[in-house]
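This report concerns only the one structure given below.
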Amino acid sequence: MALRFEFGEAKLYIGGRWVSGGPPLEVRNKYSGDVIGTIPTAREDDVDTAIAAAQKAAPVMAEMPAYRRADILARTVALIRERRDEFARTIAAEAGKALKWARVEVDRAMMTFTIAAEEARRIHGETVPLDAVPAGEGYFGFYVRRPVGVVAAITPFNFPLNLVAHKVAPAIAAGNALVLKPASSTPLTSVLLCRALEEAGLPPGAINLVVGPGHTVGEWLVRDPRVAKVTFTGSADVGERITQIAGIKKVTLELGNTSPVIIAPDADLAWAARRCAVGAYYNSGQVCLSVQRVYAERPVYDPFLERFVRETESMVVGDPLDEGVDVGPMIDEREARRIEAWVTEATQEGAQVVTGGRREGPVYWPTVLVNVKPEMKVVAQEAFAPIANVIEYDDFEEALRQADATEYGLQAAVFTRDIQRVFQAIRRLNFGGVIINDAPTFRADHMPYGGNRQSGLGREGVRYAIEEMTNIQMVAIRLGT
Ligand code: NDP
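Sequential numbering of the sequence shown, starting at 60, is according to my numbering.
Dropping the structure here:
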């Protein structure tokens with residue numbers, strides 16, 4: 060029997076008030092399917108009111124001294140810490156993320172807000188030696204960073220707190236106001252976050268929460284000329300759509316990946332197998348950096364595979380609210396059926412399932428595939444599911460070529476102790492991040508993070524997000540007049 064969790068009736072947060080909107084959206088426990096709470100969907104005039112409230116709060120935020128913005132962010136951290144369990148259980152229930160990983164997410168979000176509180180105090184420009192060219196002789200130059208105004212943040216289901224934090228915290232640190240639209244399947248964690256921000260003293264209108272389908276609520280936000288910046292994390296298709304409809308405004312996109320990992324013959328195989336298994340299966344592989352393509356060199360292919368399969372089979376699958384569980388359900392049964400169909404298609408084309416390949420409702424068991432071909436969906440397209448392909452290679456340069464042969468470019472990883480290979484990998488891999496001796500899922504929340512090619516535009520990681528959420532304002536002063 061599924062463990063009980065109830066959230067109750069939630070509201071939208073607009074202009075500093077908790078308000079009703081349009082028809083209620085039912086939010087379900089992703090393991091049991093039970094309704095755990097409701098929240099109104101926003102109508103077009105609710106979105107309009109939310110943007111107007113943000114517009115009104117934008118100058119208040121821009122004028123607020125840095126130490127006060129930092130204090131609000133630090134108080135938010137304290138409130139999240141007090142409610143750590145409530146946040147974690149809400150994430151586990153609405154996103155289906157195992158409680159142990161939900162707790163890690165809450166701790167990371169506190170870190171993201173802490174970093175933002177620190178960064179709020181050091182947003183600065185620099186002097187510009189204008190006399191470097193004849194036209195600048197007799198001028199003094201410097202630039203400052205000014206908040207853009209209203210930020211629209213659109214977020215996915217898989218990290219309902221920390222990926223929201225990566226947009227909300229830098230936006231506030233930079234002195235912006237925002238309208239947040241979380242994924243329709245996981246809006247309740249954002250309700251908890253808005254409550255914490257309100258109690259921490261964030262002025263009315265500085266954050267507004269609207270909920271509803273991406274193709275309506277999301278697009279109303281993206282198209283609105285009052286919005287100065289759209290920051291989006293989600294699928295490549297929606298990211299592309301946003302670039303088509305946003306008009307002239309700043310856009311940051313954090314999109315997908317088919318994360319490759321290369322296991323060189325000198326790798327620590329036990330460590331690599333353990334980290335690749337965690338990286339492939341936590342949150343049921345619904346992580347943009349989830350391990351998907353593992354290239355192992357011929358001499359270590361069999362011993363690596365054996366260890367990796369053992370690690371895969373050690374994952375405890377079940378109710379995410381259960382303390383002992385590693386892998387919960389996927390976000391819905393349709394997604395579990397999709398990956399089941401991809402795996403079936405791959406096996407019909409010659410692939411072999413070494414372990415896993417089993418589905419019950421929305422739960423898909425951690426699965427290892429071998430004998431795959433580059434054109435199979437399980438290899439070529441973002442799986443976003445608990446599956447990993449192990450592929451044999453002979454030549455390191457060839458493995459780098461295959462790892463890089465993708466339209467994506469978020470993060471890639473190499474396990475090796477050979478410094479030559481390390482630098483060969485850095486040069487050859489056109490990815491936003493290259494991780495050595497850990498899985499591509501590695502992320503410290505202050506590092507520059509984002510993708511090349513179809514994986515996105517711009518970078519997050521608090522300081523880098525702040526850069527994207529501010530405009531440079533150049534000042535040139537003619538001296539002596
Ligand atoms: P989606 O792209 O389906 O949805 C993301 C958000 O966009 C949701 O809030 C969604 O609303 C909204 N949305 C949908 N359509 C539109 C639209 N036309 N205009 C504006 N907004 C819209 O992604 P998922 O939630 O399914 O998340 C999975 C994807 O996110 C994967 O591809 C994954 O790789 C990527 N991702 C990338 C990360 C990164 O940092 N690079 C991190 C995590 C995930 P609604 O929920 O109502 O549909």
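Glycine included, each C-beta is placed from N, C-alpha and C at the ideal position.
All of these numbers come straight from a predicted model, not from anything done at the bench.
- For Leu-138 against Glu-258, the beta-carbon gap comes to about 6 Å, under 8 Å, which counts as contact.
- DSSP places Gly-273 within a helical segment (H, G or I) once states are collapsed to three.
- Relative to ligand 1, the beta carbon of Arg-300 is positioned inside 7 Å of a heavy atom.
- Contact between Ile-98 and Thr-248 is absent: CB atoms are separated by about 11 Å, not below the 8 Å threshold.
- The Cβ atoms of Arg-537 and Tyr-198 lie closer than 8 Å to each other.
- Relative to ligand 1, the beta carbon of Ala-191 is positioned no closer than 7 Å to any heavy atom.
- Leu-252 has no beta-bridge partner at all, per DSSP.
- Counting only unbroken stretches of 4 or more residues, the alpha helix (DSSP H) elements lying wholly within the stretch 104-189 are 125-141, 143-154 and 158-179, in sequence order.
- The way I'd put it, the stretch 489-500 does touch the stretch 347-354; three or more beta-carbon pairs between them come closer than 8 Å.
- Contact between Thr-100 and Gly-81 holds, with the beta-carbon distance rounding to 5 Å and staying under 8 Å.
- In terms of Cα proximity to Leu-280, the closest of Pro-241, Leu-256 and Pro-507 is Pro-241.
- In this structure, ligand 1 has a non-hydrogen atom nearer than 7 Å to the beta-carbon of Ala-242.
- Under the DSSP assignment, Thr-311 falls in the beta strand (DSSP E) whose first and last residues are 309-313.
- Taking the C-beta atoms as reference points, Asn-511 is found nearer than 8 Å to Asn-489.
- Under DSSP, the beta-bridge partners assigned to Ala-472 are Val-320 and Ile-494.
- If you check the CB distance, Ala-336 and Phe-367 come in under 8 Å.
- Counting along the chain, the unbroken alpha helix (DSSP H) around Ile-231 starts and ends at 221-232.
- Taking Ala-224 as the centre and dropping the five residues before and after it, the same chain places the C-beta of Ala-168, Thr-171 and Phe-172 closer than 7 Å to its C-beta, in chain order.
- If you compare the alpha carbons of Ala-175, Lys-115, Val-187 and Arg-180 with that of Val-534, the shortest gap goes to Val-187.
- Its chain contains Ala-69 as the residues whose beta carbon lies nearer than 6 Å to that of Val-250, once the 5 sequence neighbours on both sides are disregarded; these appear in chain order.
- For the pair Ala-462 and Tyr-72, the Cα-to-Cα distance works out to about 44 Å.
- Per DSSP, Ala-458 is one residue of the alpha helix (DSSP H) stretching across 455-463.
- If you check the CB distance, Val-276 and Val-286 do not come in under 8 Å.
- Linking Gly-491 to Met-374 through their CA atoms gives a straight-line distance of about 30 Å.
- The criterion of a C-beta distance shorter than 8 Å is not satisfied by Met-435 and Glu-394.
- Three or more Cβ pairs drawn from the stretch 520-532 and the stretch 174-182 lie within less than 8 Å of each other, which places the two stretches in contact.
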